[in-house]
Every structure is written in C-alpha cells, then in structure tokens.
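Numbering (this note's numbering), first residue to last: 6 to 259.
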C-alpha cells in the first residue's frame with residue numbers, strides 16, 4: 006500500500022550574501038535563529054479580455070501581466086543578521102575597551118554623570134588630589150545603569166574635583182537603522198524536514214529583497230517576536246533554458 010503524503014515541516018532558515026557578480030559568497034551563510042512561522046504568498050496580475058459576440062460579455066482570454074512572490078516570517082531570537090535586515094541597518098563591531106581617567110564635569114551632590122562607554126564594568130572613580138582618593142561605591146557614588154554608564158554622585162564634600170573614572174567597556178555589536186541606501190538583499194535557504202515522514206527538503210530562494218519591519222516591539226509581556234517580510238526577485242542567471250524558474254527551487258528527498 007502506498008504511504009500517505011501528509012506533511013508537517015520544521016527546519017532552519019539561513020541567509021547567504023550575494024557578490025557583485027550575482028554569485029553566492031558561501032563564506033557568509035548565517036542562521037536566522039528560531040523561526041516561529043514562515044510562508045510564501047504567490048500571486049499574479051491578470052488582464053482579462055471580454056468577448057462581444059455572444060451578448061454575454063463573458064471572459065474570453067487572459068494575459069498574465071505580472072508575478073509576485075511575497076515572504077512572511079516571524080522570528081523569535083535577538084540576532085544581528087535578522088535585526089540588520091529588518092532595520093535596513095549597517096552592522097559595526099565595537100571592540101572592548103579599557104578607559105583610564107575619563108574626566109567628569111564639575112558636579113554637586115545628586116548629579117548624574119553619563120560615561121562615554123556602554124556595558125561598563127570594573128569601575129573606579131578617583132578625585133584630583135596629589136595622591137588621588139578613591140570614591141566608595143554606595144557611599145560616595147552609585148551606578149544607576151551599567152548599561153549606559155550612568156553614575157550618580159552622592160557626596161562631593163571631602164574630595165577635590167574633577168573626578169576621574171577608569172573602567173572597562175564591553176565588546177558589542179552596533180546597528181545603525183536606515184544606514185543602508187539600498188534595501189538589503191540575500192539568498193534565503195530553508196533546510197527542512199517533514200516530521201511525519203523523516204524526509205528532508207531544501208528550498209533556495211535566489212534573491213530576496215527584505216522590507217523594513219512594521220513592528221519592532223521593545224517591551225514584551227511574553228516571548229518577543231520580530232516580523233520579517235520581503236519579496237522574491239527574479240535572478241537573471243537562473244532563467245536560461247536549463248532553469249525552470251528564476252525565483253527559487255524546491256528539492257525534496259525521494
């Protein structure tokens with residue numbers, strides 16, 4: 006008896022950057038993390054000719070004037086690649102730094118000073134006497150936020166200003182939304198498995214041009230989600246006589 010062909014797909018989505026000549030840079034394959042939902046929506050634009058000989062004005066012929074394949078995904082992980090795609094952002098690596106004697110402006114009790122670094126650690130604050138005196142955390146100052154480097158001065162009375170801060174700033178990834186002039190474009194691949202049969206499938210979408218996100222949620226009551234949408238563009242290098250589609254290929258294990 007022939008087995009059924011039911012399916013329930015799970016799998017991994019990854020992007021691959023394209024070189025200037027249109028070929029793939031296979032050193033850039035990047036996993037997009039967990040994907041909650043993913044779908045393709047295919048549509049055509051049609052022009053219809055009505056007949057006039059029967060008196061019914063019935064449809065007599067159609068011409069397809071356009072084809073569109075839209076991509077809709079919901080991602081659930083905070084990763085640089087999907088964030089950069091959804092924000093049209095330039096990604097810049099920020100090196101870890103050790104900052105020495107960053108000088109404060111003149112302050113009074115209760116003032117908050119914002120350091121130049123982010124994600125700070127190992128903070129030491131000293132005054133400007135000939136033999137610098139170290140301020141005590143919780144007595145002379147408090148760290149309001151080690152993320153943005155906010156320091157609240159509690160007591161200035163026995164110290165000589167300006168205060169000077171030495172600390173470490175963590176390595177980070179910086180994203181600059183809308184820094185890219187052109188919409189981001191990637192080859193998108195899906196390495197899937199039919200969980201009902203154990204058979205694998207591989208889908209390669211040659212050119213996907215991504216849209217800016219419509220909802221970049223910053224406060225989440227439960228698991229956060231990142232919508233990612235785009236349009237499949239035709240690849241001129243895939244439209245020769247041996248290619249059946251310039252948009253994508255779907256491979257299924259026999």
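Glycine included, each C-beta is placed from N, C-alpha and C at the ideal position.
Beta-carbon gap between residue i and residue j smaller than 8 Å
i, j, result
"residue 5", "residue 215", "An answer regarding residue 5 cannot be provided, because it is not within the stretch 6 to 259 covered by the chain."
"residue 74", "residue 236", "yes"
"residue 169", "residue 82", "no"
"residue 199", "residue 12", "yes"
"residue 94", "residue 181", "yes"
"residue 145", "residue 125", "no"
Reference residue i, options the options, closest by Cα
i, options, result
"residue 71", "80, 49, 59", "49"
"residue 28", "242, 38, 247", "242"
"residue 131", "142, 122, 124", "142"
"residue 157", "67, 101, 140", "140"
"residue 160", "117, 176, 61", "117"
"residue 101", "93, 197, 167, 179", "179"
"residue 45", "60, 8, 194", "194"
"residue 184", "176, 97, 226", "97"
DSSP-derived helix/strand/coil call for residue i
i, result
"residue 166", "coil"
"residue 242", "helix"
"residue 153", "coil"
"residue 86", "helix"
"residue 76", "strand"
"residue 57", "coil"
Test: residue i CB closer than 8 Å to a CB of chain B
i, result
"residue 74", "No chain B appears in this structure, which consists of one protein chain only."
C-alpha distance - residue i paired with residue j, whole-angstrom precision
i, j, result
"residue 80", "residue 18", "10 Å"
"residue 99", "residue 212", "30 Å"
"residue 87", "residue 233", "8 Å"
"residue 31", "residue 239", "20 Å"
"residue 20", "residue 121", "35 Å"
(Q) Using 8 Å as the cut-off, can you tell me whether the region 33-43 makes contact with the region 59-67, which would need three or more C-beta pairs spanning the two stretches below that distance? (A) no
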